[in-house]
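What follows is a single structure, written as C-alpha cells, with notes after it.
In mature numbering (1 follows the signal peptide of the UniProt record, and there is no 0), the protein residues as written are -16 to -1, 1 to 518.
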C-alpha cells in the first residue's frame, strides 16, 4: 500500500496527471493515465518482474493495463515529461529471456489484454482484408495479441494464415517483431519481420506513429528487430496466405555433419518452381539412448523403421526435420513429391520417420510439450538459452569446436536446433544483426536448468558456464557468430554486437526515445544517446 501511494504521489507531483486524491487513487489502483489501470498488487508486480529466461530480476513500481494504443501513448508521454524520467517496458506473454520486458523501478505495460478492452461491445478483432495493391490478404492485429490467436482467427475467417512463424505460438506479435521471429519457414518466406506491411508504434516521446516502408521508414525498419528500443508496437499489419490443410512431417538421421549441412543448404536453395519442402530445420542429438527413445517420440505405424543400424554410431547424430504442406487438391501428389526430394539426400538408410497431421497441430506442436512440462513442474525454471547466427562457411568449425568439443558429444538440458537461412530473405534495413554471408545458420541451445538435478551438467551454473565457453570459442576461433535474442552485459558489448550498424541504431534511439526510457532491462544504452548534428 505504501509503495502504491509513493508511486502515485510521484506521478502527481512530477507529471501533473489529472488524477483523483491520492488515497482514492490507491484504492482504485490508479486511473489517471488515459483510461488505463494501474496495479501494484503484489501478484501483478511479481509476475511483471519475471521473464521466461528467469536469469534476471527487478520489480517495477507498477503494472499498467491499457485499453488500447491511446492509453499506452498517454503513459509514455507522461513518463517522457516527468522530471526524473520513468522507465517503461512492454510485456506481452513474458517470454523474453534477457530482460527486454522488465522495467525495474518503473512501469511495465501489460499488453496482453488491450484489444479485448478496446473492442468491448464490437467485433474483437479486425477481419482479414484483400489488397489488390499488395496482391494478397493482410490482417491488422494488436501488438499484445498471441500468434496462436491470430492463427485461429484468420483460419476461421477465410482459411488464411500468416506466412512465417516461430516454433512456439504463445508469443506476442509485438514481442517477436521486436526480435525477428524465425522458424523453419524463414528460408523461403523470411522471418516474421519481413512479412509485415505496417506498424503503429508508440515512441519514447509518447507519440503514436503509423509507419511502413514508404511512411516513416526509419521508425518502421528500426523497430523491426529493434529489441523494443525505439517504441512499443501497438498494431501490426501482417501478410496472410491461404492455409494448407495438412502437413507431412519427416525426420531423418545423419552421422556425417558435412552431408547433413550440405543437404540442408541444398533444400533451402529450392526457392521457385519445382519441388521443395515448406519447412527445413534440424537438431543435434546424442546417439546414446537414442534407440530406446526415438521411436516412441516420433513414429509412424505406416512406416515402421528399424534402428539397429544406429548401434554402430556413437557420439553426436544430426536430425533433419522437414515438412510438406498439402490440401485436397495436392494430396494425390504429396507422396511423389516427398519421395523425389528425399531421394536426393544422404541420410543414414533406414532412419526416415514420417507422420501426417493437421496444419494447426504441426504449428502448435511445442505447446503440447509445454503442457507436459508444466504438469511436471518443469516449465517455470531458468532457461539459459543461447541463440547464435553462424556463417555457413564456419559451421563445420563450429561443429568440431562446440558439438564435439565444448559439449563433449552430450546434449543434456534441452533441444539444440540447427538450420540454415537465406540472407536475401532478410531486409537489411531492419535492426537485426546477421552474419555477412549469403547463408547463415541458427544454432539454438534451448536448454532448461533443473533445480536439484542429479546430473550436475543440467544445473544452471553448468549450463551458463558452457554458454560462456561456446562464446569464448567463437571469439577465439574468429567464427563471426552473432547472437539472436542477444544477451550482453554492457553498452560496449552491444556496440560490438551491432558493429558498423551501431551508429545508425544510436541515432534512431536518440530520435525516437531521446530519454532512453524504453526497454531498459537489457542494458543496451548506459545513458540517453546524443542526437548527432545533421
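Ideal placement from N, C-alpha and C gives every residue a C-beta, glycine not left out.
Given residue 337 as reference, the closest of 74, 347, 314 and 236 once Cα atoms are compared: What you label residue 337 is simply residue 353 of the chain shown in a count that begins at 1. Of the listed residues, the one whose Cα sits closest to residue 337 is 236.
CB contact flag (residue 266, residue 310, <8 Å): As a working mapping, residue 266 is identified with position 282 in the chain shown. As a working mapping, residue 310 is identified with position 326 in the chain shown. Cβ atoms of residue 266 and residue 310: not closer than 8 Å.
Inter-residue CB distance, residue 63 and residue 501 (contact presumed, cutoff 8 Å): Indexing the chain shown from 1 puts residue 63 at position 79. Indexing the chain shown from 1 puts residue 501 at position 517. With a Cβ gap of about 6 Å, residue 63 and residue 501 count as contacting.
Coarse secondary structure for residue 371, derived from DSSP in three states: Taking the first residue of the chain shown as position 1, residue 371 is located at position 387. Correct three-state label for residue 371: strand.
8 Å Cβ cutoff met for residue 147 and residue 223: Residue numbering aside, residue 147 sits at position 163 when the chain shown is read from its first letter. Residue numbering aside, residue 223 sits at position 239 when the chain shown is read from its first letter. The answer is yes: Cβ separation under 8 Å.
Neighbourhood of residue 504 by C-beta distance below 6 Å, restricted to the same chain and skipping five residues each side: For this step, residue 504 is matched to residue 520 along the chain shown. 71.
Residue 302 - DSSP class collapsed to helix/strand/coil: Numbered from 1 along the chain shown, position 318 holds the residue referred to as residue 302. Here residue 302 sits in strand by DSSP.
Residue interval of the alpha helix (DSSP H) (run including residue 201): Here the question's residue 201 lines up with position 217 in the chain shown. Counting along the chain, the alpha helix (DSSP H) containing residue 201 begins and ends at 201 to 207.
Residue 263, buried or exposed, once every other Cβ within 10 Å from all chains shown has been counted against 16: Stepping through the chain shown from its first residue, residue 263 is reached at position 279. Buried: at least 16 other Cβ atoms inside 10 Å.
Three-state class that DSSP yields for residue 146 in the structure shown: Against the chain shown, residue 146 aligns to sequence position 162. Here residue 146 sits in strand by DSSP.
Same chain, Cβ closer than 7 Å to residue 399, five either side skipped, listed in chain order: Residue 399 sits at position 415 when you count from the first residue of the chain shown. Only 267 and 430 meet the Cβ criterion.
Distance cut-off 7 Å: residue 136 Cβ against heavy atoms of the ligand COA: Of ligands this structure carries none, so the ligand COA is not represented either.
Reduced DSSP secondary structure (H/G/I, E/B, other) of residue 360: The residue you call residue 360 lines up with position 376 of the chain shown. In the structure shown, residue 360 sits in coil (DSSP, three-state: anything other than H, G, I, E or B).
Close Cβ partners of residue 246 (< 8 Å) along its chain, the five nearest in sequence each way excluded: By 1-based counting over the chain shown, the position of residue 246 is 262. Closer than 8 Å at the Cβ level, and outside the excluded window around residue 246, lie 330.
Nearest to residue 187 (by Cα), restricted to the options 27, 368, 38 and 61: For this step, residue 187 is matched to residue 203 along the chain shown. For residue 187, the nearest C-alpha among the options comes from 61.
DSSP-derived helix/strand/coil call for residue 74: In the chain shown, counting from the first residue as 1, residue 74 sits at position 90. Residue 74: strand per DSSP, three-state reduction.
Beta-bridge partners of residue 308, as assigned by DSSP: Taking the first residue of the chain shown as position 1, residue 308 is located at position 324. 232.
Sufficient close CB pairs (3 or more, under 8 Å) joining the stretch 445 to 454 to the stretch 347 to 365: no
Rounded separation between residue 35 and residue 471 - CA only: Taking the chain shown and counting its residues from 1, one reaches residue 35 at position 51. Taking the chain shown and counting its residues from 1, one reaches residue 471 at position 487. Looking at the two C-alpha atoms, the distance is approximately 14 Å.
Neighbourhood of residue 435 by C-beta distance below 7 Å, restricted to the same chain and skipping five residues each side: Position 451 of the chain shown, counted from the start, is the residue given in the question as residue 435. Excluding residues within five positions, the ones whose Cβ falls inside 7 Å are 365.
Stretch pair the stretch 406 to 413 + the stretch 364 to 379: three plus CB contacts closer than 8 Å: no
Burial state of residue 118, where buried means 16 or more other Cβ atoms lie within 10 Å: The sequence position of residue 118 within the chain shown is 134, counting from 1. Classification for residue 118: exposed.
C-beta atoms of residue 214 and residue 496 nearer than 8 Å: Position 230 of the chain shown holds residue 214. Position 512 of the chain shown holds residue 496. Yes, they are a contact pair.
Residue 87 and residue 78 closer than 8 Å at C-beta: What you label residue 87 is simply residue 103 of the chain shown in a count that begins at 1. What you label residue 78 is simply residue 94 of the chain shown in a count that begins at 1. Taking 8 Å as the Cβ cut-off, residue 87 and residue 78 do not qualify as a contacting pair.
Residue 332 (DSSP reduced to helix, strand or coil): For the purposes of this step, residue 332 is taken as the residue at position 348 of the chain shown. Here residue 332 sits in coil by DSSP.
Short Cβ contact (8 Å threshold) for residue 327 with residue 388: On the chain shown, residue 327 is found 343 positions in, with the first residue counted as 1. On the chain shown, residue 388 is found 404 positions in, with the first residue counted as 1. Taking 8 Å as the Cβ cut-off, residue 327 and residue 388 do not qualify as a contacting pair.
Cβ shell of residue 511 (< 8 Å), same chain only, five flanking positions each side left out: As a first step, residue 511 must be located in the chain shown, where it is residue number 527. Closer than 8 Å at the Cβ level, and outside the excluded window around residue 511, lie 500.
Exposure of residue 46, with buried meaning 16 or more beta-carbon neighbours within 10 Å: Numbered from 1 along the chain shown, position 62 holds the residue referred to as residue 46. Its Cβ being crowded by 16 or more others within 10 Å, residue 46 is buried.
Residue 261 beta carbon less than 8 Å from that of residue 251: Residue numbering aside, residue 251 sits at position 267 when the chain shown is read from its first letter. Residue numbering aside, residue 261 sits at position 277 when the chain shown is read from its first letter. Their beta carbons are under 8 Å apart, which means residue 251 touches residue 261 by this criterion.
Neighbour-count burial assignment, residue 320, 16 or more Cβ in a 10 Å radius: Your numbering for residue 320 matches position 336 in the chain shown. When all chains shown are included, residue 320 counts as exposed.
Nearest-angstrom Cα separation, counted from residue 192 out to residue 350: By one-based count along the chain shown, residue 350 stands at place 366. By one-based count along the chain shown, residue 192 stands at place 208. Going from the Cα of residue 350 to the Cα of residue 192 covers about 35 Å.
Nearest residue (CA-CA) to residue 306, options 487, 169, 121 and 238: By one-based count along the chain shown, residue 306 stands at place 322. Cα-wise, what sits closest to residue 306 is 169.
Pairwise C-alpha distance: residue 94 and residue 49: Numbered from 1 along the chain shown, position 65 holds the residue referred to as residue 49. Numbered from 1 along the chain shown, position 110 holds the residue referred to as residue 94. One C-alpha to the other measures close to 5 Å.
Minimum Cβ-Cβ distance from residue 343 to chain C less than 8 Å: This model lacks chain C altogether, as it is built from one protein chain only.
Local Cβ density within 10 Å of residue 199, reported as buried at 16 or more and exposed below that: Taking the first residue of the chain shown as position 1, residue 199 is located at position 215. With fewer than 16 Cβ atoms within 10 Å of its Cβ, residue 199 is classed as exposed.
Same chain, Cβ closer than 7 Å to residue 446, five either side skipped, listed in chain order: Taking the chain shown and counting its residues from 1, the one referred to as residue 446 is at position 462. Closer than 7 Å at the Cβ level, and outside the excluded window around residue 446, lie 440.
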